[in-house]
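Accompanying notes for the structure given below.
In my numbering, the protein residues as written are 969 to 1139.
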């Protein structure tokens, strides 16, 4: 798929088939995340890839909106060291947003669906993922083959009109 097609095809999917995502596809998706830009090339992230069905079920309990993780073929946990101050905490959020976008677009490029989730219960996430002290898991990205319909460019996305969003030179 071309980049523009991947951007137009990507959508949040929370129901997946039983088909696994291949190791080669997972590695390509992770490489895209590894290449994401970050503030001053900080690269604060680590990725924990979970494919074990029981572990996915446990991971699905870390936030009320993460139920889809249990049915995913794989879920990528975005992990980072605890930020040392508020400035780093803000930069971390921005940088993890960049990683999320890169991962989700790379998945869409491979016709693999994705659905993101925040993590509320850090203690449970740390237990399930075996994180070292001083680390947290702010977000999860579930991956799988969509159960409803294949990914393809969406002609009429549910988005605000272009003219309402874009302002040229001044508001």
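For glycine and all other residues, C-beta sits at the position ideal for the given N, C-alpha and C.
Just so we're clear, the structure is a prediction, and the values are computed from it rather than from any experiment.
If you look at residue 1059, you'll find it in the alpha helix (DSSP H) that goes 1054 to 1077. Rounded to whole angstroms, residue 1092 and residue 1073 show a C-alpha spacing of 28 Å. One thing to note: residue 1036 has its Cβ within 9 Å of the Cβ of residue 1110. Nearest Cα to residue 1115 within the set 975, 971, 983 and 973: 983. The way I'd put it, the segment 1049 to 1068 doesn't touch the segment 1018 to 1038; fewer than three beta-carbon pairs between them come closer than 8 Å. By the Cβ neighbour-count rule, residue 1043 is buried, with 16 or more other Cβ atoms within 10 Å of its own.
Under the three-state reduction of DSSP, residue 997 is assigned to helix.
Inclusion of residue 1047 and residue 1103 in the CB contact set at 9 Å is warranted, their separation being smaller than that value.
Here residue 1033 has 1085 as same chain residues with Cβ atoms under 6 Å from its own Cβ, once five neighbours each way along the sequence are excluded. For residue 1013, no alpha helix (DSSP H) run applies; the uninterrupted beta strand (DSSP E) run containing it begins and ends at 1013 to 1018, by DSSP. Per DSSP, residue 1119 lies in no alpha helix (DSSP H) segment and is marked neither H nor E.
By the C-beta density criterion, residue 978 is buried, having at least 16 other C-beta atoms within 10 angstroms.
For residue 1083, the uninterrupted beta strand (DSSP E) segment begins and ends at 1081 to 1086. Bridge pairing for residue 1036: absent [DSSP].
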